[in-house]
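Going left to right, the sequence shown walks through residues 1 to 222 as full-length UniProt numbering numbers them.
These notes are about the structure you will find just below.
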Amino acid sequence: MAKKKGNKNGNPQNVKVLPDTSKRNINSQNLKPNKETNNTNIKKSILNTPFHLIILLFLYTTQRHKFDEELLLYLLIPLQIIYTIFQFSSNFSNSNNSKKISKRTINLTLILVVPITMVFAAIPIGLLVILFGGPILENYKKTILLSLNLSNLLLPIIYLSFNKQISIDIGKQYAVSIFLGCWLSSIVIPLDWDRPWQMYPVPLMVGGYLGSILSYVLTDFF
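Rendered as structure tokens:
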């Protein structure tokens, strides 16, 4: 934009006024996504493989057709905590804060709080199971145990998310693979084979555990 300004001789002179771009630059910087917060370093190691989940799944499916979801849950919770403390947590760090996290000791308060939050996380999981056809009144105890098992499969990921060692997006990938395995395995329930492992919630439990194992293994090697 140009304005006329008089000179010493009284003759008008065109003066250019530059637009104020400072606000525009500030706004453009604010609109840029913060890519740094999603950078996560994962140490590739076969020790990240959740061997305890493989053993638990083997025990669950070989109990002479006595599929005990309650016993499985009692074994799962302490093993998940041990796995998180001694192995899984040490192999994840945020690249922007890797030095601080590498020196950080395990958050004992958080590791005690997270299992309690898994009880509340089981509520929406149970609702999803019911929405996808799970029984409401009949076998309701089985639905509760299934929901608690699935929520505790996410225990290491929830801990790392709260401890700011991974982004929420990575946590979602683990959750999706668990529930995808659970959903795919449900196709064997209506088949007319009359096998004990077709009874609810055995296929969903096996599928959830397989999805969890697969998600951890894929993280290790890809």
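Yeah, the Cβ is synthetic: ideal placement off N, Cα and C, and Gly gets one too.
- Taken atom to atom, the span from the alpha-carbon of I54 to that of L180 is near 18 Å.
- DSSP, read as helix, strand or coil, puts G133 in coil.
- The alpha-carbon separation between W197 and Y174 amounts to approximately 25 Å.
- Scanning its chain for C-beta atoms nearer than 7 Å, with the 5 sequence neighbours on each side dropped, one finds around N139 the residues Y200, in chain order.
- Per DSSP, the continuous alpha helix (DSSP H) segment holding Y140 begins and ends at 140 to 153.
- A distance below 7 Å between beta-carbons, with the five flanking residues on each side excluded, links K172 to no residue of its chain.
- Straight across, the Cα-Cα distance linking S147 with L112 is about 20 Å.
- Annotated three-state conformation of N107 is coil, per DSSP.
- Listed in chain order, the non-local C-beta contacts of P124 below 7 Å within the same chain number zero, local neighbours out to five positions each way being set aside.
- Around the beta carbon of T62, fewer than 16 other beta carbons sit within 10 angstroms, so the residue counts as exposed.
- Taking a contact as a CB-CB distance under 8 Å, the pair S185 and G207 counts as one, their CB atoms being some 3 Å apart.
- In the structure shown, N48 falls within a helical segment according to DSSP collapsed to helix, strand and coil.
- The closest CA to that of P190, considering only Y83, N48, G134, L75, is found on G134.
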